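Q:
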Amino acid sequence: YKHVSKFGSYERLEFLGDAILEYLIVRYLYDHSSNLNRGEIAQYRGKFTSNETLACLTLKHGLQKYILHNSKKKIDQKCYADIFESLAGAVYVDSGMDLDVTWKDVTIGV
Numbered sequence: 292y293k294h295v296s297k298f299g300s301y302e303r304l305e306f307l308g309d310a311i312l313e314y315l316i317v318r319y320l321y322d323h324s325s326n327l328n329r330g331e332i333a334q335y336r337g338k339f340t341s342n343e344t345l346a347c348l349t350l351k352h353g354l355q356k357y358i359l360h361n362s363k364k365k366i367d368q369k370c371y372a373d374i375f376e377s378l379a380g381a382v383y384v385d386s387g388m389d390l391d392v393t394w395k396d397v398t399i400g401v
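For the sequence shown, position 19 (counting from the first letter as 1) is numbered 310 according to this note's numbering, and the numbering increases by one without interruption.
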């Protein structure tokens, strides 16, 4: 892993956060919606982890204020979603890989 700049890259945390969010959503749906079948759980997982949903959460929580970039281009929905995924990955790592803490922290205000 090489740092892209002195601030580093969020891609590794994004990759981890993506997997963590998918797992946490599935676990929540499994625990709280016993009436859903496998296909319905997959459908909800896709909706809740979509770029559109994660980008909305990034904007809702004002996380875009903390994005450092040097491009004059407008930041797109995918980038906002990636930021939310990287935040989830960072919370997971910082919490000592505690899934319950991660769930609590990334779902505040949702």
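Heads up, the beta-carbon is just placed ideally off N, CA and C, and yes, glycines get one too.
Keep in mind that this is a model prediction, so the values were computed, not measured.
Going by beta carbon distance, what residues of the same chain come within less than 7 Å of Phe-339, once the five residues before and after it are set aside?
A: Taking the first residue of the sequence shown as 1, we reach residue 339 at position 48. So the list reads Ile-316, once near-sequence residues are dropped.
Q: If the criterion is Cβ atoms closer than 8 Å, does the pair Leu-345 and Phe-306 meet it?
A: On the sequence shown, position 54 is the one that residue 345 refers to. On the sequence shown, position 15 is the one that residue 306 refers to. Against a cut-off of 8 Å, the Cβ pair of Phe-306 and Leu-345 comes out as no contact.
Q: Excluding five sequence neighbours on each side, which residues of the same chain lie with their C-beta closer than 7 Å to the C-beta of Trp-394?
A: Start at 1 with the first residue of the sequence shown, and residue 394 comes out as number 103. Same-chain partners within the cutoff: Leu-315.
Q: By Cβ distance below 7 Å, which residues in the same chain neighbour Ala-381 in space, the five residues on each side in sequence not counted?
A: The residue labelled residue 381 in the question sits at position 90 within the sequence shown. Correct list, in chain order: Leu-304.
Q: Taking the CB atoms as reference points, tell me whether Leu-348 and Arg-336 lie closer together than 8 Å.
A: In the sequence shown, the residue the question calls residue 348 occupies position 57. In the sequence shown, the residue the question calls residue 336 occupies position 45. No, they are not a contact pair.
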